[in-house]
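Before any comments, here is the structure.
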Amino acid sequence: MSFPGPESSAPTAVRVSFVLVAASVVATVVSLVLTFAHADELARVVGDATGAGFDEGLRSSAVFHGICCSALMLLGVQATRGRNWARVLLTALAVFTVLAGFVSGDARYPAMIIFAVMVAQVLQVGTVIALWLPTSNEFFQRVGTARAVPSMDAYVLRLR
């Protein structure tokens, strides 16, 4: 069953939030690439002389980031379709990511990595702001209402 209208008319703020999610994913991928490029320096910073455990951690981090980035893009698409649950999850993930970045950051990391992570965090904050603007709220309410009321086309008796 399709719902005409509201899903295809996402306001600019919601479309901008998707662009910000995509840009955040790009910044996250850039930070991951930079992390691999500076693996030796990072191993020295964290004090892993052998590098064996560090390399394993990098691979695990790459898989985790890949899953998270895919989930963020999926949530961004669902938000542009008016799914309120996607908006709530994007908000929760952004808050968690920004707080985790403050707690786990290390000033000894290379500046490029720190910059890429900070850019991703700022973009996530922008995403949350765009998703909760009044025009976005109205859009999510309108789409939610349209979904709550079933289409009468399925119940109309066709006489022809």
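Here my numbering is used: the first residue of the sequence shown is 0, the next is one more, and so on.
Even for Gly, the Cβ is constructed at its ideal location relative to N, Cα and C.
None of these values were measured; they are calculated from a predicted model.
Taking Cβ to Cβ, would you say residue i is nearer than 8 Å to residue j?
i: T134; j: A12; result: yes
i: V124; j: G81; result: no
i: F53; j: A42; result: yes
i: L130; j: S16; result: yes
i: H64; j: I112; result: no
i: V116; j: C68; result: no
i: V200; j: T126; result: No statement about residue 200 is possible, as the shown extent of the chain runs from 0 to 159 and does not include it.
i: R107; j: V29; result: no
i: L31; j: A9; result: no
Kindly indicate which residue of the options has the alpha-carbon position closest to the one of residue i.
i: M72; options: R86, S60, F139, A61; result: R86
i: G100; options: R14, I128, A147, V118; result: V118
i: F139; options: V62, T27, V28, W84; result: W84
Would DSSP call residue i helix, strand or coil?
i: L132; result: coil
i: S16; result: helix
i: A70; result: helix
Does residue i pass the burial test, meaning 16 or more other C-beta atoms within 10 Å, or should it be called exposed?
i: G75; result: buried
i: A78; result: buried
Determine the extent of the alpha helix (DSSP H) in which residue i is found, giving its start and end residues.
i: R43; result: 38–45
i: S103; result: 83–103
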